[in-house]
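With UniProt numbering applied, the sequence shown covers 1 to 314.
Below: one structure, written as C-alpha cells.
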Amino acid sequence: MNSSQSVLENLLNRGHQVPNSCRAGICQACKVQLVDGVINPQAQQGLPAAQSDAGIFLACCCFPSSNISVQLVDTARISHEAQVLDHFMLNADVLCLRLDTDFKWQAGQVINCVKDDTVIRSYSIASRPMDGVVELHIRIYPDGRFGQWAKHQLKVGDRLRIEAPFGECVYDPACYQQNMLMVATGTGLAPIYGVLKEALANHHQGQIELYVASGDYQGFYYLDKLEALAQAYPQLRLHKVVRRRDSVLEEAALEEVKEGHVEDVVLAEHSSLKDYRVYLCGAPTMVEQLKKACFMRGVKMQDIQCDPFEAAQP
C-alpha cells in the first residue's frame, strides 16, 4: 500500500469500485470496513458511534502507516428505503425530490442517497420534520451519474435507499435572540431554507440577514417563497446577488438585485458581525472565505455553521 495516498486512492488505483463523491471527508460516501490493521482516528470523524464501533471508516481520510485489510460496506445494512412522493424541476438545472422515510432528521442535515453499490451522493435537507417529508434539491450536471438517473428514471412511487442523516448545520433554539447571517449559493439554499423555516417556526427574535446568490438571475429558485417569508416576518431581510447580469434580470430590474461576488457584497454591508450566528452553504470557496472573514469580524467559531457543497469527483 502506498502510504502517501489515502485508502480510497489505493483502492481506486487497483481497479476496485468504491463509492465516493467529494473525497474530502464531507459526504461519507466512501465508507469501508476494517478487517485487519490500525487506522487513524480522523478516518472515523463524524460517523455514527455504531458504525465506528463496527470498524467502518472513511477511505478518503485514512492514511495508514502500515498495511491494512478492508472490505466494502454492505449498503443494505446501513441504509433504509424511502418512497418518492414528489419529483419536479425547481428550475432548468435543479430537481426537487420529496421523500417519505421513517428516519428522524433535522432541517439542514445531510443524507446519502444510494443509486447502487458504486454511486452514492450526499444532499442536504430543505424541509422540517413538521413538514412530514424529506425535501432534497439536486443539481443536475450533464455527466452527473446520480442526478441524470434521478431526473430521468426515478418517478413518484419508486423506492430509494438512503442512509441515516448526519451533520451539524442545524438551528439551535437556544440562539433565538441572536442575529443571524445566512448565505447560500446555488443548491446551498436547501439547508439554508430548512434552517430558516425552523428558526421562524421557533419564533426567532434576532435579525436574519439572508443572502441568496447565483451566477445569473435564471439560476435562482424559490424566490417567491423567500419573498413571502420576508413579507410575513419583519426580522427577515432578503438579499439577492448575481455575479453577472442577463436579459431576465434586465426585465426584472425593478427588483433589488445586487451584482458581484456574494462574499464581497456581504463583507461590504457588514463591517462588524459581533455575536452573530452564521450559516454558510454552497460553493467551497465562498464558505472558506466567509468563514475566515466572519471570524475576523467578531463571530465566535462555534457560531459558524458550514455546509460546503463539494462536487462529486470523476
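All residues carry an ideal CB built from backbone N, CA and C; glycine is no exception.
Taking only the alpha-carbon atoms, compute the straight-line gap between residue i and residue j and give it to the nearest angstrom.
i: residue 203; j: residue 176; result: 7 Å
i: residue 266; j: residue 221; result: 20 Å
i: residue 52; j: residue 280; result: 28 Å
i: residue 15; j: residue 9; result: 10 Å
i: residue 138; j: residue 187; result: 7 Å
i: residue 208; j: residue 260; result: 21 Å
i: residue 180; j: residue 296; result: 16 Å
i: residue 151; j: residue 50; result: 33 Å
i: residue 125; j: residue 194; result: 7 Å
i: residue 256; j: residue 242; result: 11 Å
i: residue 205; j: residue 290; result: 24 Å
i: residue 79; j: residue 100; result: 14 Å
i: residue 263; j: residue 286; result: 6 Å
i: residue 148; j: residue 54; result: 33 Å
i: residue 155; j: residue 269; result: 44 Å
i: residue 244; j: residue 45; result: 39 Å
i: residue 117; j: residue 157; result: 22 Å
i: residue 225; j: residue 145; result: 30 Å
i: residue 133; j: residue 167; result: 18 Å
i: residue 131; j: residue 88; result: 18 Å
i: residue 198; j: residue 173; result: 9 Å
i: residue 56; j: residue 73; result: 8 Å
i: residue 11; j: residue 258; result: 46 Å
Within its chain, find whatever has a CB closer than 6 Å to the CB of residue i; leave out the 5 residues flanking it on each side and keep chain order.
i: residue 106; result: 170
i: residue 184; result: 192, 212, 281 and 282
i: residue 86; result: 98
i: residue 215; result: 243
i: residue 210; result: 182 and 238
Within its chain, find whatever has a CB closer than 8 Å to the CB of residue i; leave out the 5 residues flanking it on each side and keep chain order.
i: residue 129; result: 104, 105, 106 and 107
i: residue 29; result: 19, 20, 21, 22, 112, 120, 121 and 122
i: residue 71; result: 32, 33 and 35
i: residue 161; result: 75, 76, 79, 80, 81, 82, 113 and 114
From what residue to what residue does the alpha helix (DSSP H) around residue i run?
i: residue 188; result: Careful: residue 188 lies outside any alpha helix (DSSP H) and carries neither H nor E.
i: residue 287; result: 284-296
i: residue 228; result: 223-232
i: residue 36; result: Looking at the DSSP string, residue 36 is not in any alpha helix (DSSP H); the run it does join, the beta strand (DSSP E), is 31-36.
i: residue 51; result: 49-53
Within a Cβ cutoff of 7 Å, which residues of the same chain sit near residue i, ignoring the five residues on either side of it in sequence?
i: residue 164; result: 48 and 103
i: residue 93; result: 139 and 140
i: residue 135; result: 96, 98, 125, 126 and 127
i: residue 293; result: 267
i: residue 254; result: Interpretation of residue 254 is limited by its pLDDT of 46, a score under 50 that renders its predicted location unreliable; the figure taken from the coordinates is listed afterwards. None.
i: residue 42; result: 61
For the beta strand (DSSP E) holding residue i, just list the boundary residues, first then last.
i: residue 147; result: Premise fails: residue 147 lies in the alpha helix (DSSP H), 145-152, not in any beta strand (DSSP E).
i: residue 112; result: 110-116
i: residue 127; result: Neither: residue 127 is in no beta strand (DSSP E) and is coded neither H nor E.
i: residue 8; result: Run containing residue 8: none in the beta strand (DSSP E); it sits in the alpha helix (DSSP H), 7-13.
i: residue 268; result: It is not in any beta strand (DSSP E) - residue 268 instead sits in the alpha helix (DSSP H) that spans 262-269.
i: residue 213; result: 208-214
i: residue 240; result: 236-242
i: residue 57; result: 56-58
i: residue 69; result: 69-72
i: residue 134; result: 134-139
i: residue 305; result: 304-308
i: residue 163; result: 159-163
Kindly identify the DSSP beta-bridge partner or partners of residue i.
i: residue 88; result: 96
i: residue 196; result: DSSP output for residue 196 lists no bridge partner at all.
i: residue 119; result: 116
Can you round the beta-carbon distance between residue i and residue j to whole angstroms, since I take them to be within the 8 Å contact cut?
i: residue 303; j: residue 278; result: 6 Å
i: residue 66; j: residue 38; result: 7 Å
i: residue 236; j: residue 228; result: Not confirmed; about 10 Å, so no contact.
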